[in-house]
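Visitor: According to our numbering, the sequence shown holds residues 100 to 252 in order. All C-beta atoms, glycine included, are put in the ideal place defined by N, C-alpha and C. I'd like to ask some things about the structure below.
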Amino acid sequence: MNSPQEPFQSADSRRATRQDASPEMPEELTLEQEMEEVERSLHALKERYTQIQRDQQIQGQLQERTAQVKQQLQRSPAPELRTELKALQNRLDELELNLESRLFSWRSLQEPFWQIVRFGGVGIVIGWFLAFATLQSPRPAPQPSTSPSQQSQ
100 MNSPQEPFQS ADSRRATRQD ASPEMPEELT LEQEMEEVER SLHALKERYT
150 QIQRDQQIQG QLQERTAQVK QQLQRSPAPE LRTELKALQN RLDELELNLE
200 SRLFSWRSLQ EPFWQIVRFG GVGIVIGWFL AFATLQSPRP APQPSTSPSQ
250 QSQ
């Protein structure tokens, strides 16, 4: 039975009985794996942040150079300036696309998508269940109304 000293067990003996009852190894491994995943995500985020800063700096420099080339083109139209301007515009478009595409990714929509599917599906199933339940429930048959003139006859 219960001895009076059981509530005063040492912490080590309680830990030992707990480990025997449920091994904590899988939980520790998943916790370590999750921590590694968080560290990888943080590292990727830091890399992306530095890339965005670098691209924004390059974008600013290219915009300044584009303005200078446009001013030179107004003074003296030269084919070299036009080709340089086109190259600058193409590079600016690439940078802008890169900046926009990196901020938006399909991976960021993965979790909300599955939440919508899950809860939308549950809503549809509940709706079907309610519709089926209301259509299957017996409705009281309408009582023939008896008018006072029919009762007197």
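What is the rounded straight-line gap between the Cα of arginine 153 and the Cα of lysine 169?
Guide: Here residue 153 refers to the residue found at position 54 of the sequence shown. Here residue 169 refers to the residue found at position 70 of the sequence shown. When rounded, the distance between both Cα atoms is 24 Å.
Visitor: Can you tell me whether serine 140 is helix, strand or coil according to DSSP?
Guide: Here the question's residue 140 lines up with position 41 in the sequence shown. Residue state, collapsed to three classes: helix.
Visitor: Could you check where the alpha helix (DSSP H) with glutamine 235 kicks off and where it finishes?
Guide: Taking the sequence shown and counting its residues from 1, the one referred to as residue 235 is at position 136. Run containing glutamine 235: 209–235, per the alpha helix (DSSP H) assignment.
Visitor: Quick test of your reading: threonine 165 and leucine 187, contact by CB under 8 Å. State the CB separation rounded to the nearest angstrom.
Guide: The residue labelled residue 165 in the question sits at position 66 within the sequence shown. The residue labelled residue 187 in the question sits at position 88 within the sequence shown. Confirmed, about 5 Å.
Visitor: Return helix, strand or coil for alanine 166, following the three-state DSSP convention.
Guide: Numbered from its first residue, the sequence shown carries residue 166 at position 67. Three-state DSSP puts alanine 166 in a helix.
Visitor: What's the C-alpha gap between lysine 145 and leucine 191?
Guide: Position 46 of the sequence shown, counted from the start, is the residue given in the question as residue 145. Position 92 of the sequence shown, counted from the start, is the residue given in the question as residue 191. Cα to Cα, lysine 145 sits roughly 23 Å from leucine 191.
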